[in-house]
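Position in the sequence shown counted from 1, then plus 16, gives you our numbering.
Here the structure is laid out as structure tokens; the discussion comes afterwards.
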Amino acid sequence: MKSETLINIMNEIDDGLLLRCEQETIQHGTFRKTMRKVIPLAASFLLVIVAAAWILHPGKVYVDGTTSGTTARPTVSSTAPIHVNPDLPTAASWAVESYEQLAELWSSMGKGDNEETQNYQQYGSDFEALVEKLQGENRILIPSLDGKPAPLHLNDDYKDIMVSTSNALNQPWVWYTIDANGEKVTVKTMYLPRTQIEAAQTMTVAEYLETYNPYAPYPGNEEKHPGLTIYEGEIDYDGTKVTALFTEFVDDKMEVYLLTDELLVCLLMDKDGLDSGWSSTFGFMELPLVSE
Numbered sequence: 017m018k019s020e021t022l023i024n025i026m027n028e029i030d031d032g033l034l035l036r037c038e039q040e041t042i043q044h045g046t047f048r049k050t051m052r053k054v055i056p057l058a059a060s061f062l063l064v065i066v067a068a069a070w071i072l073h074p075g076k077v078y079v080d081g082t083t084s085g086t087t088a089r090p091t092v093s094s095t096a097p098i099h100v101n102p103d104l105p106t107a108a109s110w111a112v113e114s115y116e117q118l119a120e121l122w123s124s125m126g127k128g129d130n131e132e133t134q135n136y137q138q139y140g141s142d143f144e145a146l147v148e149k150l151q152g153e154n155r156i157l158i159p160s161l162d163g164k165p166a167p168l169h170l171n172d173d174y175k176d177i178m179v180s181t182s183n184a185l186n187q188p189w190v191w192y193t194i195d196a197n198g199e200k201v202t203v204k205t206m207y208l209p210r211t212q213i214e215a216a217q218t219m220t221v222a223e224y225l226e227t228y229n230p231y232a233p234y235p236g237n238e239e240k241h242p243g244l245t246i247y248e249g250e251i252d253y254d255g256t257k258v259t260a261l262f263t264e265f266v267d268d269k270m271e272v273y274l275l276t277d278e279l280l281v282c283l284l285m286d287k288d289g290l291d292s293g294w295s296s297t298f299g300f301m302e303l304p305l306v307s308e
């Protein structure tokens, strides 16, 4: 049962990941025969390790329909920042089905009997600071279209909103899968740390990534991202034109990064995903947290 759950989670995560795995074929007969013996042994050994890790750190499904998972300290990928929080012992994620459930999740931090949300300080100072910010301001920011909450994509296979205590730049992120006038768009958002907000207002998004994450994709850093086409351009955003960073993959997908007053935003979509013009009315709006 745990292996089936693990496979489902891996499939869900793979839908929005920057890095994608491709299968390679072995063309030399002798090497193929040798690998036929080695690969099953290696695969069995890997499966034992994965199963043990899954047993030690199982995901949880709550009665209200939200899900969460707690893992060991996250592995740094080739595009991860050089800055690693030394006080981050664990990471967790929660998936919810609606903006209302998201507001309830942030409101529940530090309260109730759920250990993962009650003791949110265990996920490090950056996540703790974000919880205190959102609860102190009694609001969150959610994607909007035409001044209304952006319609969620309503996937059958996974929930459309995910909160991660630590992701890119080792910061908390919130992901939304929305329906933007027929386009499936994954909206990845990171609240700018308080110490970066003032400096970020004078930067383009490429300058921000270069400053705070030297391993991120930006013009001049292409050698670290073979296979990506990276360039700056303008995007219609919330009634105005802003400078954005585009990264195009070898398949039909691209990511568009932009900065707002409070957020670093990454939009994952098809390469022609902006053609319908939906981004001109796309923005973010405030949603109050749930009162006790």
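The beta-carbon is built from N, C-alpha and C at its ideal position, and this holds for glycine as well.
Here the structure is a predicted model, which is why all the values come from computation and not from measurement.
Cβ-Cβ distance between residue i and residue j below 8 Å
i, j, result
"Phe298", "Leu279", "no"
"Gln212", "Tyr228", "yes"
"Ser109", "Met178", "yes"
"Ile246", "Thr263", "yes"
"Glu250", "Leu261", "no"
"Leu329", "Val201", "This structure gives no information on residue 329, because the portion of the chain shown stretches from 17 to 308."
Endpoints, alpha helix (DSSP H) assigned at residue i
i, result
"Val147", "141-153"
"Ala12", "Residue 12 lies beyond the stretch modelled for the chain, which goes from 17 to 308, so this question has no answer here."
"Thr8", "Because the chain here runs from 17 to 308, residue 8 falls outside it and cannot be looked at."
"Glu214", "213-216"
Sequence-distant residues of its chain with Cβ nearer than 6 Å to residue i (five each side left out)
i, result
"Leu157", "Phe300"
"Cys282", "Lys204, Glu271, Tyr273"
"Asp268", "Asp286, Lys287"
"Val266", "Gly243"
"Asp195", "Pro167, His169"
"Leu146", "Pro188, Tyr207"
"Pro233", "His241, Leu244, Ile246, Thr263"
"Phe143", "Thr181, Pro188"
"Asp277", "none"
"Glu226", "Tyr234"
"Gln217", "none"
"Asn125", "According to the sequence displayed, residue 125 carries Met and not Asn. The residues are Thr133, Tyr136, Val147."
"Ile29", "Its pLDDT being 38, under 50, Ile29 is placed unreliably by the model, and the measurement read from it follows with that caveat. Same-chain partners within the cutoff: there are none."
Residue span of the beta strand (DSSP E) that contains residue i, given as start and end
i, result
"Thr227", "Run containing Thr227: none in the beta strand (DSSP E); it sits in the alpha helix (DSSP H), 221-228."
"Phe199", "First, the amino acid is wrong: residue 199 is Glu here, not Phe. Element bounds for Glu199: 199-207."
"Gly249", "245-253"
"Glu302", "298-304"
"Phe262", "256-264"
"Ser180", "177-180"
"Leu280", "279-286"
"Asp195", "189-196"
"Trp110", "107-112"
"Leu290", "Unbroken run through Leu290: none, as it is neither H nor E."
"Lys269", "269-275"
Close-in-space but distant-in-sequence residues of the same chain around residue i (CB under 7 Å, 5 per side omitted)
i, result
"Asn197", "Ser292, Trp294"
"Val306", "Ala119, Glu120, Ser123"
"Asp176", "Glu113, Leu168, His169, Leu170, Tyr192, Thr193"
"Ser296", "Asp252, Gly255"
"His44", "Its pLDDT being 36, under 50, His44 is placed unreliably by the model, and nothing is read from it."
Close Cβ partners of residue i (< 8 Å) along its chain, the five nearest in sequence each way excluded
i, result
"Gly128", "Gln134"
"Glu238", "Leu244, Ile246"
"Arg210", "Ala145, Lys149"
"Lys257", "Glu250, Ile251"
Nearest-angstrom Cβ-Cβ length linking residue i and residue j, presumed shorter than 8 Å
i, j, result
"Gly311", "Glu199", "Any answer about residue 311 is impossible in this case: the structure gives the chain only from 17 up to 308."
"Tyr115", "Leu303", "6 Å"
"Tyr174", "Ala111", "7 Å"
Chain C within 8 Å of residue i, Cβ atoms only
i, result
"Trp110", "In the structure shown, chain C does not exist; there is a single protein chain."
Residue i beta carbon near the ligand ZN (any heavy atom closer than 7 Å)
i, result
"Leu274", "For the ligand ZN, the structure offers nothing, since it holds no ligand at all."
message: Whether or not the region 211-228 and the region 269-287 are in contact is what I'm after, with contact meaning three or more pairs of Cβ atoms, one per stretch, closer than 8 Å; do they touch?
response: yes
task: Say whether the region 203-210 touches the region 182-193, bearing in mind that this needs 3 or more beta-carbon pairs closer than 8 Å, one atom from each stretch.
output: yes
message: Would the region 238-252 count as touching the region 159-179 if we require 3 or more Cβ pairs under 8 Å?
response: Flag = no, the region 238-252 and the region 159-179 do not touch.
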